[in-house]
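Please read the structure below before turning to the comments.
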Amino acid sequence: MSDLRDLFAAPERHIAVLATIKRDGRPQLSNVSFTYDRGRDLLRVSVTDGRAKTHNLRRDPRATVLVNGPDPWQYAVAECRAELLPVAAAPDDASVEELIDIYRAISGEHPDWDEYRAAMVADRRVPLLLHVERVYGAVR
1 MSDLRDLFAA PERHIAVLAT IKRDGRPQLS NVSFTYDRGR DLLRVSVTDG
51 RAKTHNLRRD PRATVLVNGP DPWQYAVAEC RAELLPVAAA PDDASVEELI
101 DIYRAISGEH PDWDEYRAAM VADRRVPLLL HVERVYGAVR
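Per full-length UniProt numbering, the very first residue in the sequence shown carries number 1; after that it's consecutive.
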C-alpha cells in the first residue's frame, strides 16, 4: 500500500469511525458508512438532521475519520473540514441526488429509488462532505 489514502479508497472498506467535538470539548464518536472521492480528496457520508454528530458539526466543522486496514495495526486517520449540505426537503432536490450518489458508491443500486428518495426526505437526511486536510496513520 503506497498511500494511506488507499485505505479510504479500498472498495471493501465503507465503515469508519467519525469523531466530532461535543460542546464540552470531548470527542463524540459514531460508526458511519462512507465513500471516498480520491479526485476531490473528499469523504462523503449520509447523516440525519437532529443527531449529535450533525449538531456538533454545525457548531464546529472540525471532524476526524478513522478507517482500519486489513491488518489490525493498519489504519488511516483523516482530519477534515465538514460541509453539511441542506436537509433533504423534496424527493428531487440536490441533497437527495447527492445522497443517491453516496448510496450507489457504497452499496450499488437500490431496488426502489422512489422509495429511497421518499425515505431520505422523511428521515431528514443530510449529505455530509468531509474535505480532507491531513492524513496520518500506519500501513505495512
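Beta carbons are placed, not taken as given, at the ideal position from N, Cα and C, and that holds for glycine.
Here the structure is a predicted model, which means the values were calculated and not measured.
| Alpha carbon of Asp41 to alpha carbon of Ala90, nearest angstrom | 28 Å
| Using the C-alpha atoms, what's the distance from Ala105 back to Ala128? | Reading the sequence as shown, one finds Leu at residue 128 and not Ala. The alpha-carbon atoms of Leu128 and Ala105 are separated by roughly 14 Å.
Q | Nearest residue (CA-CA) to Asp37, options Val65, Arg5, Ile15, Arg62 | A | Arg5
Assign Asp3 to one of two classes, buried (16 or more other C-beta atoms within 10 Å of its C-beta) or exposed (fewer than that).
exposed
Bridge partners of Tyr116, per DSSP?
-> None, per the DSSP bridge assignment.
message: In this structure, how does DSSP classify Glu97 when only helix, strand and coil are distinguished?
response: helix
Extent of the continuous beta strand (DSSP E) to which Arg5 belongs
Premise fails: Arg5 lies in the alpha helix (DSSP H), 5-9, not in any beta strand (DSSP E).
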